[in-house]
Amino acid sequence: MSDEIERNLGPQPIERIMAEHHLKPHDLVAASTEQITHKMVARACKGRRLTPNVQAKVQAALNRATQQQYRLADLFTY
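Here full-length UniProt numbering is used: the first residue of the sequence shown is 1, the next is one more, and so on.
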C-alpha cells in the first residue's frame, strides 16, 4: 500500500476561499462554462486528488464566480 498514490490530501485552500466569498458548490457549477459537477467541487474541497483537467475546470469556475484570478497553487496544496 505504501507504493500507492495518496488520494486523500485533507482540506484544501479552495474550501477557505469559497467560504470567504460565501460560495457553495452549486455556485461554482452554475458559474462554469464547462461541464463540472457538484461532486467534482466537493472532492476539490475535501482534498481528493483531481486530474489536472478537473483542477483547471474548477479553477475557471471559481475565477468566474468570484471575478478574481486565482492560480492552481492558490487552490490546491498538491
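Where is the CB? At the ideal position from N, CA and C, for every residue including glycine.
Keep in mind the model is a prediction, meaning the values are calculated, not measured.
- Non-local beta-carbon contacts of His21 in its own chain, meaning distances under 8 Å to residues more than five positions away in sequence, involve Ala65 and Thr66 in chain order.
- Sequence-distant Cβ neighbours of His38 in its own chain, meaning closer than 8 Å and more than five residues away, are Pro25, His26 and Val29.
- Distances from the alpha-carbon of Thr77 to those of Gln69, Gln68 and Pro52 put Pro52 closest.
- By the Cβ-count criterion, Lys46 is exposed, with fewer than 16 other Cβ atoms from all chains shown falling within 10 Å of its own Cβ.
- A straight line joining the alpha-carbon of Gln68 with that of Glu6 spans about 30 Å.
- Here Leu72 is exposed. Its C-beta has fewer than 16 other C-beta atoms within 10 Å.
- In the same chain as Leu9, and ignoring 5 residues on each side of it, the C-beta atoms closer than 7 Å to its own belong to Gly47, Arg49, Thr77 and Tyr78, in chain order.
- Secondary structure note for Asn53: its alpha helix (DSSP H) is the uninterrupted segment Pro52 to Thr66.
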